[in-house]
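Shown next, in structure tokens, is the structure this report addresses.
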Amino acid sequence: MAVNVALRGVSRRYPGLIALDKVDLEVAPGEAVVLTGPSGSGKSTVLHVTGGMDRPDEGSVEIDGKELLPRDLDGHRRRIGFVFQRFHLLPALTVLDNVLAPVLPRRVDFDRRERGMELLEAVGLGGRADALPAELSGGQQQRVAVARALINRPGLLLADEPTGNLDSVIGREIIDLLMSLREQYGMTMIIATHDPEVAANGDRVVRLQDGRITSNQRITASADVLDRLGGLRP
Ligand SMILES: Nc1ncnc2c1ncn2[C@@H]1O[C@H](COP(=O)(O)OP(=O)(O)O)[C@@H](O)[C@H]1O
Ligand SMILES: [Mg+2]
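Residue numbers for the sequence shown, in the working numbering: 160 to 393.
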């Protein structure tokens with residue numbers, strides 16, 4: 160189920176540098192927020208703090224109104240999906256085993272293979288389960304990474320420059336895929352990107368500069384809305 164995310168007064172400091180400076184950001188269940196801003200503005204730090212891979216020095220992160228505490232971090236990480244710029248697939252494992260990698264060492268209450276195959280179908284790679292990553296194109300490898308991110312049915316998907324290693328046509332396909340999976344599986348999404356095409360497809364664009372939010376704008380003419388109105392794409 161899609162979750163509500165709130166960053167409240169989140170600061171993250173490094174020696175001589177403020178990566179995030181009292182950031183307040185609320186994301187509604189099912190909303191797709193795109194984080195933009197120059198390199199070094201704090202986009203990845205927002206994702207890491209939200210995903211429990213990094214801790215704020217000040218302020219808090221709330222998931223469905225409940226503050227994320229250190230003892231909850233392991234469970235929290237399991238309930239979110241993460242997609243990276245570099246696909247980070249394990250080269251010796253098949254596509255299906257890459258999708259299953261997060262749950263291979265754990266007891267789970269679902270049939271791993273069945274879920275992995277369902278997700279490969281959902282990303283359009285149902286026929287490539289036994290391939291090795293090196294046999295796939297970059298766009299296909301990112302699709303595998305997306306399927307892997309969904310293996311625990313996360314209510315929140317975080318994506319850090321998911322199109323950064325792809326050409327614009329393939330990048331566009333990945334964004335369309337993420338947006339449709341969001342509806343299919345019911346997820347909140349936060350996507351960090353430099354890509355204006357990605358930004359145009361979110362529900363809201365949040366711009367960061369020097370660790371602060373400098374604008375927070377709802378996209379009224381998102382591609383999704385245009386599609387429903389008859390398929391006029393900008
Ligand atoms: N582990 C770290 N140690 C020191 N500085 C860091 C570390 N991680 C990030 N930073 C700094 O924090 C700032 C924000 O980084 P980041 O969130 O990665 O920005 P973005 O993703 O927008 O490029 C940058 O100035 C970066 O150099
Ligand atoms: Mg970054």
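Even glycine gets a Cβ: it sits at the ideal position worked out from N, Cα and C.
Here the structure is a predicted model, which means the values were calculated and not measured.
The residue from V254, G361, I372 and L166 with its alpha-carbon nearest to that of G189 is G361. In the assembly as shown, E320 is a buried residue. Its beta-carbon has 16 or more other beta-carbons within 10 Å. Under the 10 Å beta carbon count, N257 is surrounded by 16 or more other beta carbons and is classified as buried. In the three-state reduction of the DSSP assignment, D180 falls in the strand class.
For I329, the uninterrupted alpha helix (DSSP H) segment begins and ends at S327 to Y344. The distance from the Cβ of S374 to that of R363 is about 10 Å, inconsistent with a contact at the 8 Å cut-off. For V164, the closest of Q343, G298, I177 and A191 by C-alpha to C-alpha distance is A191. For T204, the three-state secondary structure derived from DSSP is helix.
Apart from sequence neighbours up to five positions away, the residues of its chain that approach G314 with a beta-carbon distance below 7 Å are M160, A161, V162, R238, M346 and T347, ordered along the chain. Non-local C-beta neighbours of A304 in its own chain, meaning closer than 6 Å and more than five positions away in sequence, comprise V242 and F246, ordered along the chain. As DSSP reads the structure, M348 sits in a beta bridge with A191 and L316. In this structure, Y344 has its CB at a distance of at least 7 Å from all heavy atoms of ligand 1. Judged by DSSP in its simplified three-state form, A165 adopts strand.
Here the segment 168 to 186 does not lie against the segment 326 to 340, with fewer than 3 beta-carbon pairs under 8 Å apart.
For I177, same chain residues with a beta-carbon under 8 Å away, outside a window of 5 residues either side, are S170, R171, D369 and G370 in chain order.
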